[in-house]
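Working notes, beginning with the structure itself.
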Amino acid sequence: MSTHIAARMDQACLVLHGPDQPGIVSAVSALITRNEGNIVSLDQYSDDANGGAFFQRVVFHRPNLTAAFDDISADLTETITPLGLEWNLTDRSVPKRMAILASTSDHCLLELLWRHRRGELNVTIPMVISNHTNTADDVRSFGIPFFHVPSQGPDKSAAEAEIVRLLAGNVDFVVLARYMQILSDDFITNVGVPVINIHHSFLPAFIGAGPYKKAKERGVKLIGATSHYVTKDLDEGPIIEQDVARVTHAHTAADLQARGAYVERAVLSRAVEWHADDRVIRHGNHTIVF
Numbered sequence: 000m001s002t003h004i005a006a007r008m009d010q011a012c013l014v015l016h017g018p019d020q021p022g023i024v025s026a027v028s029a030l031i032t033r034n035e036g037n038i039v040s041l042d043q044y045s046d047d048a049n050g051g052a053f054f055q056r057v058v059f060h061r062p063n064l065t066a067a068f069d070d071i072s073a074d075l076t077e078t079i080t081p082l083g084l085e086w087n088l089t090d091r092s093v094p095k096r097m098a099i100l101a102s103t104s105d106h107c108l109l110e111l112l113w114r115h116r117r118g119e120l121n122v123t124i125p126m127v128i129s130n131h132t133n134t135a136d137d138v139r140s141f142g143i144p145f146f147h148v149p150s151q152g153p154d155k156s157a158a159e160a161e162i163v164r165l166l167a168g169n170v171d172f173v174v175l176a177r178y179m180q181i182l183s184d185d186f187i188t189n190v191g192v193p194v195i196n197i198h199h200s201f202l203p204a205f206i207g208a209g210p211y212k213k214a215k216e217r218g219v220k221l222i223g224a225t226s227h228y229v230t231k232d233l234d235e236g237p238i239i240e241q242d243v244a245r246v247t248h249a250h251t252a253a254d255l256q257a258r259g260a261y262v263e264r265a266v267l268s269r270a271v272e273w274h275a276d277d278r279v280i281r282h283g284n285h286t287i288v289f
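Using numbering that gives the first Met the number 0, the letters of the sequence shown map in sequence onto residues 0 to 289.
In structure tokens, the structure reads:
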């Protein structure tokens, strides 16, 4: 067992959200106490104490958690669900299964593989799928299965169907590590798990193709990257993380792209880390990140 997983043994993470009301914190704390748990960390946020929405993330330790997990879940159903709150309970020692989709650019892909090997991401990686083969050897050097699914021409339905087939039942979420294909609405529905994208600009500015060229033409002083959940509205899903790098008039478009690649790697890695650690709550078209 890795040190990373051992540190999470017998730790549960409870994430909940719903209408704010008096007594939520007390009810959650009492539930954890009567189930022999000890709170390790607690974060909460209310967007309006008078009729707003409430969000909470609690990590607690409970000896022999595996045996008690179903009982705790039943208690949550009986105690927390009637308050109108949605909740999710996870065992922190069980890594989430993350598939990666990539194209020819390798910087985000290799960053995730490297961080995974170092134990910085609480995930397993069952597969990497790409519409090109140039990263195959690098991926396999990390001991990760690589699948080539070509995607050419205007009709992507066969490629998307094959990707869905590979993913079905094998992953908890998908990361687009500069996967340069527009996903159809059917794919987003059929894949059935969250999909995280990295966009090579600071949304909503410079949406679409050639953002660095557009940025150069506008004489920008900051470039950035945005990681967000994929929805049926292109590049408009809930934003998880963003960051920027300062540039000057002396930087060429190639310089901007190189600096942008560095920001992309960092932003995507943080978004993946936070999602894998149950720190992100989707609320409408935005997120609360604890």
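For glycine and all other residues, C-beta sits at the position ideal for the given N, C-alpha and C.
The structure displayed is predicted, hence computed values, not measured ones.
- For residue 172, the enclosing beta strand (DSSP E) stretches over residues 172 to 176.
- Burial of residue 236 is indicated by the presence of at least 16 other C-beta atoms within 10 angstroms of its C-beta.
- Assigned with DSSP and collapsed to three states, residue 66 falls in helix.
- The alpha carbon of residue 62 has as its nearest neighbour, out of 45, 38 and 76, the alpha carbon of 38.
- Across the structure, residue 146 and residue 98 are spaced so that their CA atoms are roughly 11 Å apart.
- Taking C-beta separations shorter than 6 Å and ignoring five residues to either side along the sequence, the partners of residue 94 in its chain run 121, 122 and 123, following chain order.
- Your pair residue 264 and residue 119 does not check out as a contact, with CB atoms roughly 13 Å apart and the cut at 8 Å.
- For residue 240, the enclosing beta strand (DSSP E) has its first and last residue at 238 to 245.
- Residue pairing by DSSP places residue 189 opposite no residue, since no beta bridge is assigned to it.
- Secondary structure of residue 181 (DSSP, three-state): coil.
- Spatial neighbours of residue 41 in its own chain (CB-CB distance under 6 Å, excluding positions within 5 residues in sequence) are listed in chain order as 57.
- Residue 44 has 54 as its beta-bridge partners, per DSSP.
- In the structure shown, the three-state DSSP call for residue 89 is strand.
- Taking C-beta atoms as the reference points, residue 10 and residue 53 fail to come closer than 9 Å.
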